[in-house]
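2 protein chains.
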Amino acid sequence: MVNGSTRIRILDTALDLFGTRGVGTVSLDDIADAVGVRKQTVLYWFKSRSGLIDAVLDHAADELLVVVEAAIRSQGDEPLDRVDAVVCAVFRPVVRRPALLGLIREVTRLDESHINHLRGRLSVVVERCVSYLRSEMEKGRLRTCDPMVLAGLLYSTVSGTGTEPIVLETFGWEPNAAGLRQVRRELRGFVRAALQPN
Amino acid sequence: MVNGSTRIRILDTALDLFGTRGVGTVSLDDIADAVGVRKQTVLYWFKSRSGLIDAVLDHAADELLVVVEAAIRSQGDEPLDRVDAVVCAVFRPVVRRPALLGLIREVTRLDESHINHLRGRLSVVVERCVSYLRSEMEKGRLRTCDPMVLAGLLYSTVSGTGTEPIVLETFGWEPNAAGLRQVRRELRGFVRAALQPN
DNA sequence: AGATTTGTCTACCAAATGGTAGAGACGTGA
DNA sequence: TCACGTCTCTACCATTTGGTAGACAAATCT
Chain B
3 MVNGSTRIRI
13 LDTALDLFGT
23 RGVGTVSLDD
33 IADAVGVRKQ
43 TVLYWFKSRS
53 GLIDAVLDHA
63 ADELLVVVEA
73 AIRSQGDEPL
83 DRVDAVVCAV
93 FRPVVRRPAL
103 LGLIREVTRL
113 DESHINHLRG
123 RLSVVVERCV
133 SYLRSEMEKG
143 RLRTCDPMVL
153 AGLLYSTVSG
163 TGTEPIVLET
173 FGWEPNAAGL
183 RQVRRELRGF
193 VRAALQPN
Chain E
3 MVNGSTRIRI
13 LDTALDLFGT
23 RGVGTVSLDD
33 IADAVGVRKQ
43 TVLYWFKSRS
53 GLIDAVLDHA
63 ADELLVVVEA
73 AIRSQGDEPL
83 DRVDAVVCAV
93 FRPVVRRPAL
103 LGLIREVTRL
113 DESHINHLRG
123 RLSVVVERCV
133 SYLRSEMEKG
143 RLRTCDPMVL
153 AGLLYSTVSG
163 TGTEPIVLET
173 FGWEPNAAGL
183 RQVRRELRGF
193 VRAALQPN
C-alpha cells in the first residue's frame with residue numbers, strides 16, 4: 003500500500019456520504035464522483051461495497067474512540083463533570099464532522115455482519131461507560147437507576163440531538179453557530195439534571 | 003376508489019418497510035412482494051414512488067397525531083405527569099408498531115419536498131408542546147430552560163430509545179417484553195428527573 | 001535496459017430499478 | 001346485452017447498480 007492518499011480520500015468521502023445520506027442510498031458511483039475518480043478505482047482499494055462499508059465503520063469508530071477515550075480520562079472527580087466532558091466530546095463531531103454520528107446511527111439499517119463488526123469496535127468503551135456509571139451510583143453520586151439503560155438513553159439524547167437538525171428545525175431551531183452553542187448548552191443542562199442524585 | 007383495501011395494505015406494508023429498513027433502500031418491488039401483488043398495482047394506487055412516500059408519511063402522521071393529541075389532553079394538572087403521559091403515548095408505538103417512529107426519524111434522509119410535507123403535518127402538535135412547556139416553566143413548575151430545544155431533546159431521547167434497539171443491545175440490553183418495560187420505566191424516570199424544577 | 005508491481009482507467013455485463021402501455025377480468029347500470 | 005368504470009396483470013424500456021476483465025502508464029526493482 004504505497005499510495006494511501008486515494009484510499010484515505012475514498013474513506014473520508016464515503017464516511018461523509020454514508021453518514022449524511024444513509025448507507026443504503028449511496029452508490030459506489032456517488033462516492034467515486036465525489037472523490038473525483040472512477041468507480042473501478044474504488045473497487046481497486048476495497049474489494050466490494052460491503053468491504054468498503056466495514057472499512058468506513060472502522061474509520062468512524064477510530065475517530066469516535068479517540069475523542070471519547072480522551073474525555074473519559076479527563077480530570078476531575080465529580081461524576082457530573084466527567085459525564086459532561088464525555089457529552090461535550092461526543093457533541094464535538096456534530097459541529098466538526100456531522101456525518102460521524104449519523105453513520106453510527108445507521109447501524110440500525112445495516113445487516114447483521116456489519117452490525118457485529120461495529121459492535122466489536124465499540125464494545126470496550128461502552129462497557130467502560132456502563133461500569134463507571136454503576137460505580138458512581140453505588141457511591142450515591144448519581145441518580146440511582148439501571149446504568150446500562152441509562153447509558154443507552156444518554157447516547158440516544160446526544161446522538162439524536164446531533165443527527166437530527168431537521169427535527170430540531172421543526173421545533174423552531176435555527177441551524178447556525180449560535181444555534182449549535184445553544185443546543186449544546188441545553189443538552190448539558192438536560193443531562194446534568196437527569197443524572198443529579200436524588 | 004371503491005376498493006380501498008389494497009391501497010391500505012400497500013400503505014401499511016410500505017410504512018413497515020420504510021420505517022424498519024429506511025426509505026431509500028426499499029424498492030417498489032419489495033413492497034409489492036410483501037403485499038402479494040405486482041409492482042404495477044402499487045403504481046396504480048400511487049402515481050409514483052415519491053407520491054407513495056408522501057402518502058405513507060401522511061399515514062404515519064395520522065397514526066402518531068391521534069396518539070399524542072389524546073395524551074396531551076389527558077387529565078391531571080401536574081406538568082410532570084402530563085409530559086409523562088405524552089412520553090408513554092409516543093413510546094407505545096415502539097411496542098405495537100416499531101416502524102412508526104423509525105419512519106419519522108427517516109425525515110433526515112428525505113429530500114426537501116417530503117420533509118416539508120411531513121413538517122406541515124406535525125407542526126401543529128409540535129407548537130402546542132413547546133408553548134405548553136414554556137407556560138409551565140414560567141409558572142416555575144418545570145426546570146427553566148429553552149422550551150423549544152427541550153422539546154427537541156425529549157423527542158430525541160424517546161425516539162432514539164424506541165428506534166435503536168440495536169444500540170441498546172450493544173449496551174447489553176435484551177429485546178423482549180420485560181426489557182421493553184424496563185426501558186420504558188428508565189425512560190420515564192430519566193425524563194422526570196430532567197424536567198424537575200430547580 | 002528490461003521486468004514487475006502499483007494505480008487508474010475504458011469497456012463491458014447481468015440484475016434491479018422506477019415507470020409506461022395496454023390487455024384482460026370483473027362487476028354495475030342502462 | 002352492451003358499454004363503462006375498476007382493478008390487477010403481462011410485457012416492455014431506459015437507467016442505474018455492483019462487479020469483472022483487462023489495457024495502459026508510471027514507478028520500482030534487478
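Residue numbers (my numbering), protein chains in the order written: chain B, 3 to 200; chain E, 3 to 200.
The C-beta atom is built at its ideal place from N, Cα and C for all residues, glycine as well.
My output table needs one value for residue 144 of chain E: the three-state DSSP class, helix, strand or coil.
Correct three-state label for residue 144 of chain E: coil.
Residue 70 of chain B: CB within 7 Å of a non-hydrogen atom of the ligand COA:
Judged by which ligands are present, the structure shown has none, so any question about the ligand COA falls away.
Give the single residue among E:69, E:82, E:29, E:54 whose Cα lies nearest to the Cα of residue 199 of chain E.
The candidate whose alpha carbon is nearest that of residue 199 of chain E is E:82.
Quick check: is the beta carbon of residue 15 of chain E nearer than 8 Å to any beta carbon in chain B?
Not closer than 8 Å to any Cβ of chain B, the Cβ of residue 15 of chain E fails to qualify, so no.
CB of residue 153 of chain E within 8 Å of CB of residue 132 of chain E, strictly:
Their beta carbons are under 8 Å apart, which means residue 153 of chain E touches residue 132 of chain E by this criterion.
Between the beta-carbon of residue 48 of chain E and the beta-carbon of residue 105 of chain E, is there less than 8 Å?
Going by C-beta atoms, residue 48 of chain E is not nearer than 8 Å to residue 105 of chain E.
Spatial neighbours of residue 247 of chain E within its chain, please: CB distance less than 7 Å, with the 5 preceding and 5 following residues excluded, ordered by chain position.
Summary: the structure shown does not reach residue 247 of chain E, with chain E confined to residues 3 through 200, and so no result is reported for it.
Okay, do the segment 28-45 of chain E and the segment 60-79 of chain E touch, 3+ Cβ pairs below 8 Å being the bar?
Segments in contact, no.
Hey, does residue 183 of chain E have any beta-carbon neighbour from chain B nearer than 8 Å?
Not an interface residue.
Using the beta-carbon of each residue, which ones in chain B are nearer than 8 Å to residue 152 of chain E?
188, 192, listed in chain order.
Could you check the C-alpha separation between residue 155 of chain B and residue 158 of chain E for me, to the nearest Å?
Near 9 Å, if we compare the C-alpha coordinates of residue 158 of chain E and residue 155 of chain B.
Check each candidate in B:78, B:98, B:173, B:141 and name the one with the smallest Cα separation from residue 122 of chain E.
Ranking B:78, B:98, B:173, B:141 by Cα distance to residue 122 of chain E puts B:173 first.
Tell me, to the nearest whole angstrom, how far the beta carbon of residue 11 of chain B is from that of residue 37 of chain B; I am working on the premise that it is less than 8 Å.
With 8 Å as the limit, residue 11 of chain B and residue 37 of chain B qualify as a contact, their Cβ atoms being about 5 Å apart.
Residue 110 of chain B and residue 55 of chain E: beta carbons closer than 8 Å?
It is not a contact, given that the beta carbons lie outside the stated cut-off.
Does residue 134 of chain B get closer than 8 Å to chain E when you measure Cβ to Cβ?
It does not; no Cβ of chain E falls within 8 Å.
Let me see if you follow: with CB-CB separation under 8 Å, is residue 147 of chain E close to chain B or not?
Interface residue, yes.
Is the Cβ of residue 173 of chain E closer than 8 Å to any Cβ of chain B?
Cβ-Cβ to chain B under 8 Å: yes for residue 173 of chain E.
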